[in-house]
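Each remark here refers to the structure printed beneath this line.
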Amino acid sequence: MQPKTIFRTGALLAGLAVVTGAMGAHAIKGRVEPKLLETFEIAARYQMYHAIGLIAVSAYFAAISGVPKSSAIAIRLLWAGTLIFCGTLYAIVAGGPKWLGAITPIGGTLQIAGWMILAFCQKSKT
């Protein structure tokens, strides 16, 4: 995995967060109950947080000229965690089954694991 790929992933997540945030502010506001709108906003916010985080991480890896193997795993966990966490929340707001709420914490756990791996596993680039 290259820093450029991590950057593109973060930029893609950021762009989609803007789109979903705008949708929440304009398209669905008033069409869903306030609690669901809050859920939607949480998903868009966490998506943007992780997008910005990935962009920052890509800059760090570009500066050290490579992505350590353990960090590549962390990046995949962050990507998957964001898709699961935010995706399940978006789906619930869109009328998906409420049991998706039981899946949402799996995404959050993957995000936490990804950040912890990044924090503690930076020894080697191989």
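Residues in the sequence shown are numbered from 0 upward in steps of one, following numbering that gives the first Met the number 0. Glycine residues also receive a C-beta, built at the ideal position from the N, C-alpha and C atoms. Values in this document were obtained by computation on a predicted structure and should not be read as measured data.
- Counting other Cβ atoms within 10 Å of its Cβ, Gln-1 stays below 16 and is therefore classed as exposed.
- The stretch 57-72 and the stretch 26-33 do not touch, with fewer than three beta-carbon pairs separated by less than 8 Å.
- Within the same chain, Leu-53 and Trp-78 come within 7 Å of Thr-8 by CB-CB distance, once the 5 residues on both sides are set aside.
- Around Phe-6, the same chain offers Ile-54 and Ser-57 as residues with beta carbons nearer than 7 Å, after the five sequence neighbours per side are excluded.
- Ranked by Cα distance from Phe-84, the first of Gly-107, Ile-63, Ile-51 and Val-18 is Gly-107.
- Boundaries cannot be given for Arg-30, as no alpha helix (DSSP H) includes it and DSSP labels it neither H nor E.
- Only exposed fits Met-115, as fewer than 16 other CB atoms lie within 10 angstroms of its CB.
- For Gln-110, the enclosing alpha helix (DSSP H) has its first and last residue at 103-119.
- Every candidate beta strand (DSSP E) stretch fails here, since none sits fully inside the stretch 28-104 while reaching 3 residues.
- When rounded, the separation of the alpha-carbon atoms in His-49 and Val-17 is 13 Å.
- Under the three-state reduction of DSSP output, Met-0 falls in the coil class, being neither helix nor strand.
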